[in-house]
Amino acid sequence: MSMQTPSRLSIENAPILKTKVPGPKSMEFLDIQDTLETSSRSYTNFFKFAIDYGKGSTLVDVDGNVFIDWFGGVSVLNLGHGHPAVMQAIRTQLEKITHITEVPTEARIRYLKTLNSVLPGKMKDNSKIMMTVTGADACEAAVSLARFNSKKPTIISFTGSYHGIAGGIVGATSNYHYRDYAGFSSQNYVYAPYPYPYRFSKKTKKEDISKEVVERIEDMIGDPYSGIPPVGGIIVEPIQGEGGYIVPPDDFLPMLRETCDNHSIPLIIDEVQSGIGRTGKMWASEYLNVTPDIMCISKSIGGGIPISSVVYRKDFDQVPKAFHLGTYRGNPLGLAAGAAILDVVKDEKFLERVRSKGRYLLDRFQEIKDQTEIVGDVRGRGYMAAAEIVNSRNDKTPGTELTGNIREALFRKGLLMHTCGHYGNAMRFMAPLTIEDDLLDKGLSIFEETIRKTEVRS
Ligand SMILES: Cc1ncc(COP(=O)(O)O)c(C=O)c1O
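In structure tokens, the structure reads:
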């Protein structure tokens, strides 16, 4: 673990349950929230408790129950709750200034320099950085940059993709519910099949999946009768996040890069969930030596303070003043946190630990799969790992209801673990990268026991 990460951040002996979950005080908080806050909330349907504080990879609710956190605020807390280097950076900044639009501060300059120093491949020293606020905002700006530079309207996204929910970018997010119930449109977005090895057509040999997908994309781009207006960008997650922690075959991203090069189409790589060390490299695209033209960064970069960034080729910078303008571009607290987080994560020893512990995690998931019938697939890279739950291994019917039951049972036992996937049937690991070995093993035991019990009941 890095010099800057103490050997123990979390509370010892978690989980510690003092009351039934949710406890009485949590219930009071939840009642008030239900009365006053929008019904559009999602996560409070899954994790019914109220939080007092977090420490490392543990969370303490208002009733004093201690949970193991494999959720990380949806993959935001790669260094866990209250990492000393991050807290120190935020505290120092807090004493200076908390908001000043665009004007340089020490925190901003440090962030720019540190981010530049860790950019993948040819991006380092050769890119411009645009400050944005959320993941959706970064992806929205990335798509605008692609269209502006290519002067073409259509963006190819993928089945299973998630790039955020907001008026424009929701078009790149594949689940139509997010558009239709909000009256949004998906104009000028089309979807290519994501190479999802576990559920790709049985007719295609595993080694031909990427080729088939890329040929489909070539048709979309090149065929004047494809019905698609000219393609001005491709946006892709190097490992799909919300779609199910889907790891595409290794030849997919390089082939996509080649297609983009051949047609002068900007390749946008969305590292919002897969970046900042989650996979055991700073960026997931580094595994395949693919350099994006435009890259989206968010979630873990701010350590819980909403900041995001778009990094793009210098020659794409002929943009007019006030292109994608906003008041909150680069909050100083978030930028101070961001530079501190990058400094910890960039340490090769820190990343190597994520890679080796990630292999261990996947091996343990594989053992659980081998011994049970309801885990259909396990996959991942580093600490971005998931187990896909099925009703039947033979016909792979998605075990959506089972997965919801597993999440609920885990929560009641003191382990926060969330789902993802096309059918909401993948259990994913989003714990802080700093999680201690004992909490990893304790969580795995609870997970294994819960899968076995769920299988017996189903
Ligand atoms: C890959 C990816 N892109 C974009 C987003 C959108 O981020 P936000 O929720 O901050 O708008 C997400 C959120 O989960 C994501 O996983």
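Numbering of the sequence shown is given in our numbering, commencing with residue 12 and proceeding in unit increments.
C-beta atoms are modelled at their ideal positions from N, C-alpha and C, and glycine is treated no differently.
Through-space distance from residue j to residue i, alpha-carbon basis
| i | j | result |
| --- | --- | --- |
| G345 | T116 | 12 Å |
| T184 | P17 | 39 Å |
| I457 | N416 | 14 Å |
| I120 | I180 | 29 Å |
| L130 | K217 | 32 Å |
| G337 | S469 | 51 Å |
| N405 | D326 | 51 Å |
| M12 | K368 | The predicted model places M12 with a pLDDT of 47, which falls under 50 and marks its position as unreliable; any figure quoted below should be read in that light. Distance between the alpha carbons of M12 and K368 is about 11 Å. |
| K214 | M231 | 21 Å |
| V386 | T170 | 22 Å |
| G233 | P331 | 30 Å |
| A333 | Q44 | 38 Å |
| L88 | M441 | 9 Å |
| Q104 | G238 | 52 Å |
| T30 | Y64 | 17 Å |
| I308 | S320 | 5 Å |
| S21 | A350 | 23 Å |
| A96 | D262 | 38 Å |
Nearest-angstrom beta carbon gap, residue j and residue i [assumed within contact, 8 Å]
| i | j | result |
| --- | --- | --- |
| E253 | T383 | At roughly 25 Å, the Cβ-Cβ gap does not stay under 8 Å, so E253 and T383 are not in contact. |
| G255 | C431 | 5 Å |
| V283 | G393 | About 16 Å; that fails the 8 Å criterion. |
| L421 | D80 | Not a contact, Cβ separation roughly 12 Å. |
| P26 | V77 | 6 Å |
| I318 | V144 | 7 Å |
| L379 | E447 | In the sequence under discussion, the amino acid at residue 379 is Ile, which differs from the Leu named in the question. No, I379 and E447 are not in contact; Cβ-Cβ is about 21 Å, not under 8 Å. |
Simplified DSSP assignment, three categories, for residue i
| i | result |
| --- | --- |
| G391 | strand |
| R340 | coil |
| M12 | No answer about M12 holds up, because its pLDDT of 47 lies below 50 and its placement is not dependable. |
| V154 | helix |
| P409 | strand |
| E106 | coil |
| S18 | coil |
| F78 | strand |
| Y122 | helix |
| T445 | coil |
| Q44 | helix |
| Q99 | helix |
| V322 | strand |
| G34 | coil |
| G132 | helix |
| V283 | coil |
| V330 | coil |
Candidates the options, of which the one nearest residue i by Cα
| i | options | result |
| --- | --- | --- |
| R375 | G93, G454, R289, H188 | G454 |
| T445 | K36, S86, I62 | S86 |
| L41 | L451, S21, I62 | I62 |
| Y371 | E419, E399, G435, D452 | D452 |
| K107 | T69, V97, A118 | A118 |
| F57 | N76, V71, P33, T69 | P33 |
| G67 | L90, L373, S309, D74 | L90 |
| H94 | E359, S296, D381, I352 | I352 |
| N137 | M306, L299, A442, R418 | M306 |
| G313 | S53, N273, V71, A348 | A348 |
| G178 | L156, V389, C150 | C150 |
| M38 | K59, N24, R102, K360 | K59 |
| M438 | S21, P35, I257 | I257 |
| S161 | I276, A398, N186 | I276 |
| A152 | V322, E363, Q377, V389 | V322 |
| A295 | P249, S311, G425, R340 | P249 |
| M266 | P235, S212, P206, G286 | P206 |
Own chain, CB closer than 7 Å to residue i, minus 5 neighbours either side, in chain order
| i | result |
| --- | --- |
| P409 | V401, Y434, N436 |
| K357 | V129, M293 |
| R366 | G291, G393 |
| Y173 | T184, G252, E253, G254 |
Residues near residue i in its chain [Cβ-Cβ closer than 6 Å; skip 5 each side]
| i | result |
| --- | --- |
| S168 | A183, Y200, Y202, I246 |
| G290 | The sequence shown places Thr at residue 290, rather than the Gly named in the question. Once the five neighbours on either side are set aside, the close Cβ partners of T290 are R392, G393, M395. |
| F211 | I220 |
Sequence-distant residues of the same chain with beta carbon closer than 8 Å to residue i, five excluded per side
| i | result |
| --- | --- |
| P164 | R158, N199, P240, P241, G243 |
| R268 | L278, V301, T302 |
| R227 | A203, P204 |
| F195 | G178, V181, G182, Y189 |
Ligand 2 heavy atom lying under 8 Å from the CB of residue i
| i | result |
| --- | --- |
| P317 | This structure lacks ligand 2; the ligands present are ligand 1. |
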